[in-house]
Amino acid sequence: MIVPRGYADKIVYSVNSNVTANAEQVLNNQADVFDPGDTLPASLLQQVKSQASDRYKPVPTNSTFYFWFGITQKPFNNLAARQAVLAALDLRALSRIDSGFLEEDCHLIPPGIDGGGDPATCPYHNPNSAPNMTKAKQLMQQSGMIGQPVTVYGEDRAPRRQWLDYFTSVLNSLGFKATEKVVNSGVYFTTIGAPTLKPQVGWGDWVQDFPHPWDFMQLFAGNAGSSLNYGYVDDPHYNSALNTLFQKDPKSVASQWAALDNYAVGKAYYAAYGHEQFPKFYSNRLNFSAGVMSVEYQTDMTSLQLK
Amino acid sequence: MIPEPDSGHGQAELVAGASPGGTAGIVTAPGQQVTDPWAEGRHPPAIGPWKLAARRLRRNYVAQAFLVLFLMIVVACLLAPFYASHIAHIGPNTNNVTGTINIGGKTTDVVSTDGVPIGPTFSSRYFFGADSNGRDLAVRLLYGGRTSLIIGGIGTVIIIFFGTLVGLLCGYFRGVPDMILRPLMELIWSFPVVILGVALGTALALGGIGPVKGNSLYIPAFIIGVVFIPYLGKPIRGEVLRLREQDFVEAARVQGMGSWRIMLSEILPNLMSMITVFVPMMLAYAILLEAYLSFLGAGVQAPNASWGTLISDGLAYIQTTPTYSLVPGAMLVLTVLSINVVGDGIRDALDPRAQVRVRT
Amino acid sequence: MARFIVRRMASAILLLFAVSIVVFGIFEVIPSYNPARAIAGRNATQTTVDEVSHKFGFDKPVWVQYGKTMELIFTGQVIDYNDNLNVDAQFAQRFPVTVSLVVPAALIWLVVAVLLGSISALRVGGLADRSIMVAAILGVSIPVFLLAAVLLYFFAFKLPWFPNTGYVPLPENPAQWAYHLFLPWISIAILSIGFYSRVLRSNLLDMVNEDFVRTARAKGLTRRQVFNRHVLRNSLMPIVTMFGLDFAVLLGGAALVTETVFNLPGIGQYEAQAIGNLDVPPILVGAMFTAFFVVLFSALNDIVYALLDPRVRLTG
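Chains as they are written, first to last, in the numbering used here: chain A, 632 to 938; chain B, 110 to 469; chain C, -13 to 302.
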């Protein structure tokens, strides 16, 4: 096996949860690489764009952010209630909260993967324009779930908490009595995955493990267990389609994957809202074009080299 | 008065030492001749300590000014719902990410597509600007103030009530209550306020306690109350231990008064000046601790605002929009400062040696 | 003296015990708290979680878990749930940073507070007194996290006089070490200066009326002689007690906000992360660490009192 030889002699990885400080350090050339796992804070984005335009670029990745629904209990065991949320969700708002680093899309499969959704096929409203509040209110009336108390789970890190705030306010504007529960990011997934919890609705994200549509769609497979399928979705049509398509070469059945995604969106099992763009942001010491930011693995350490 | 909210231990004991609790008797106003009260036919005007304190306080213009400031802040915060509905036309938790607003004739996004919120407009809507979710900061500032003051207030009530109770029980009965409660107080006292408060805050925010939900305001108030009970309990205990040996208590016992009656009608009134001095002190501590806990995420929970959470949220924007953090910070400092100045005024007014001049 | 030490050690052990039980108890009552899941990770199946649970002994009764954890702590083997790092090693590694932060800050605040408090008391009612007291009451009304954030904004960003964040170890570069720590030192010191100078001033003024002062003056000593020889020494004693307690608590990691805002990898930062992650071992160790210092300094304080004042006898 050929192992690529890196250029750097020593790479120092400094872990700091203060995202603003991290960004500042790269901007001032005190640090070399900004960890793409974090969002560049909006307050610095202007500065970065103007002062460091030659060493900054947003790079699309195969990841999706979504809200999942607990479909075994009220109120989201009701289809119309879930659909109302999807109709009312303004994906542009979610993107702004993320400093614009979001590619808005209602689909789970990212565009970089076979079967990746075309935002134009989103059934409720175009992700890039205003939501359909009339339809949403209609659906709420239909569902009879107005006034239902809901607890929404989310992480505390920026912008996830702000996404949570927004989502909760959308639920409230629809007529739910929604409150939030913010969980520390270190223990978030283990908390919502606990079988005893049975949460009603919450936030989730998925960054691809390998470039196959099944990697994303399996999140809602009936047998995925509580640790990934937080909403306990168990749809026989979905499960069997998943199994069949998994056997085939993804390129050949790409349209069928997309159709399955649309089916799930129609059933409102999840309210996906976009795919993250990661910032490729280096100091001026590094050769920007030589550094590789891969769609799968983000920063390729072996490619980092000084000018 | 909390550097990191841990010191101030000694302060409590010192206040106890300098307590003006025992000045029943005859005091003279400055400039008045001291005459022998037992001389025939002479009954010099005896002004009780409370009247004298009030007189001194009335002459303390600085304290009065700050009292007015404090009351103004309290009223403004209590009027938060009025401000929200009639002036800003937006609630504290209403998101408005994709909304627009007319500033100086131009229609601007409340939150830009890059996620940058507008700064202060100094008009009725978004007076101090918006946050990342398009919420009106001025509205959240007032609602946050309400939350901070309510939690601080409830916490202070818990401290005063239970601190006095525990102090009385330990000091008067000694024996079993003292053996149980005193080590408990010592334990809480030596426990770093930080770890105890934050751990409790985090734990309870997740799970709530009994029927009280995790995001209830009572939880931070309860934590603040518990953490500071020893600050009052210990000095009260000391004072009660001293008072119970006095003659008037002995006299009451001889008269056949029950223990509780003695505590309530003989000892408690003598504790009132110490307690009065402690109220503003504890209120300041409580408000600061609440801000500290909320800043760390262990106090008031999202999306509710408190001054601590606003300061914390605003830090991410401190380069572009410093007002986001600095305005709630300034409100917090002004409020605590006012309480401290008034507290000092009250303490000086109650202290019989307030007219001390160093003329050695 | 020997009896004193023995009794102090006994109460220290009791306190550490009590503190650890309280912390352990707090986390046991959280319903969704499940350290096995945290260790097993996000994608773990129920079987993996159960295996982890068994391996770490989470399926055993509470008191067994408590005993096991305490044993691990004292043999230096306990690891934290979130990062699988050895907690004792982390504390050892991070302690120098906290010491670098706390010790100079404490010295600064002690010296400045005594100075300001004394000046204030000596010139009571004058301009110096009034301005110092205004500054002090302001200092006491500002929460430390606000001060740290404001200092960072004004002196590291607006006016780039100081570096943003980060820590440089002393042996590596003393000048840089101090340069990076200057703002954090100020953050901690200002608040304590305000508090301690007010207390000292109040103590000094109380003392001035005491009989022994009048006697000394009657003997013919000047004001300064009286002050230095009698008044200051007596007023400092309670300050020393308070200082010991505050210092002890800071050594245990109470400066966690300062460390977080300025990104200093000390104990406080570690404890703050652990609390957020509901990571019990570091919190346990941190609480006991602090309690240990509290007892140590309280004992030192009593010894100092006994040495200075022959009337005081050392009690347990």
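All C-beta atoms in this analysis are idealised placements derived from N, C-alpha and C, irrespective of residue type, glycine included.
Sequence-ordered contacts of the region 343 to 372 of chain B with chain A are nonexistent [C-beta pairs closer than 8 Å]. Taking C-beta atoms as the reference points, C:Ala260 and C:Ile269 count as a pair closer than 8 Å.
Listed along chain C is no residue with a C-beta nearer than 8 Å to that of A:Gly833; the closest approach is about 13 Å.
Annotation: the region 168 to 203 of chain B contains the following complete segments of the alpha helix (DSSP H) (minimum length 4 residues), in chain order: 170 to 187. Using a CB distance cut-off of 8 Å, A:Ala652 counts as an interface residue toward chain C. Here DSSP, grouped into helix, strand and coil, assigns C:Gly103 to helix.
Contact annotation: in the region 399 to 414 of chain B, residues whose CB is within less than 7 Å of a CB in chain A are Gly406, Gln410, Ala411 and Pro412. Here the region 799 to 806 of chain A makes no contact with the region 725 to 736 of chain A; the two share fewer than three CB pairs at distances below 8 Å. Of the other Cβ atoms in all chains shown, fewer than 16 fall within 10 Å of the Cβ of A:Ser883; this residue is therefore exposed. Within the same chain, Ile179 come within 6 Å of C:Val98 by CB-CB distance, once the 5 residues on both sides are set aside. DSSP, read as helix, strand or coil, puts A:Gly778 in coil. Under the DSSP assignment, C:Trp147 falls outside any alpha helix (DSSP H); it carries neither an H nor an E label. Taking 8 Å as the threshold, the shortest C-beta distance from C:Asn70 to chain A does not fall below it.
In the pairwise beta carbon analysis, the region 361 to 376 of chain B is classified as not touching the region 158 to 168 of chain B: fewer than three pairs are separated by under 8 Å. In terms of beta-carbon proximity, A:Ser816 stays away from the interface with chain B, with every pair separated by 8 Å or more.
Residue pairing of A:Ser694 in beta bridges, as defined by DSSP: A:Val838. Here the alpha carbons of C:Gly239 and A:Thr703 stand approximately 45 Å from one another.
Non-local beta-carbon contacts of A:Arg713 in its own chain, meaning distances under 7 Å to residues more than five positions away in sequence, involve Phe700, Phe707 and Ala899 in chain order.
Under the Cβ distance rule, A:Thr765 does not count among the residues neighbouring chain B, no pair being separated by less than 8 Å.
If you check each beta-carbon in the region 109 to 135 of chain C against every beta-carbon of chain B, the ones closer than 7 Å belong to Val110, Ile123, Leu124, Val126, Ser127, Ile128, Pro129, Val130, Phe131, Leu132 and Ala135.
Of the candidates A:Leu937, A:Pro780, A:Gly862 and A:Ser726, the residue whose Cα lies closest to the Cα of A:Ala761 is A:Ser726.
Cβ contact annotation for A:Tyr687 (same chain, cutoff 6 Å, sequence separation greater than five): Val679 and Phe912, in chain order. Our two residues, B:Arg370 and B:Ala411, have alpha carbons roughly 47 Å apart in a direct line.
Nearest in C-alpha terms to A:Val818, of all of C:Asn263, C:Val217 and C:Ile176, is C:Asn263.
For C:Ala164, the enclosing alpha helix (DSSP H) stretches over residues Pro160 to Val194. A distance below 8 Å separates the beta carbons of B:Val336 and B:Ile297.
Using beta-carbon distances, A:Asp663 does not count as an interface residue toward chain B, since no partner is under 8 Å. A:His906: member of the beta strand (DSSP E) spanning Tyr901 to Phe912, first to last residue.
Here the alpha carbon of C:Leu218 sits roughly 15 Å from the alpha carbon of C:Arg203. At least 8 Å separates the beta-carbon of B:Leu251 from that of B:Tyr327.
Listed as beta-bridge partners of A:Val783 by DSSP are A:Glu811 and A:Val832. Within chain C, no residue has its CB atom less than 9 Å from the CB of B:Gly208, the nearest being about 29 Å off. Beta bridge pairing from DSSP links A:Thr930 with A:Met924. Taking 8 Å as the CB threshold, B:Gly438 lines the interface with chain C. Between B:Pro301 and chain C, the shortest Cβ-Cβ separation is below 8 Å.
Proximity of chain C to A:Ser914 at the Cβ level (cut-off 7 Å) is not reached, the minimal Cβ distance being about 14 Å.
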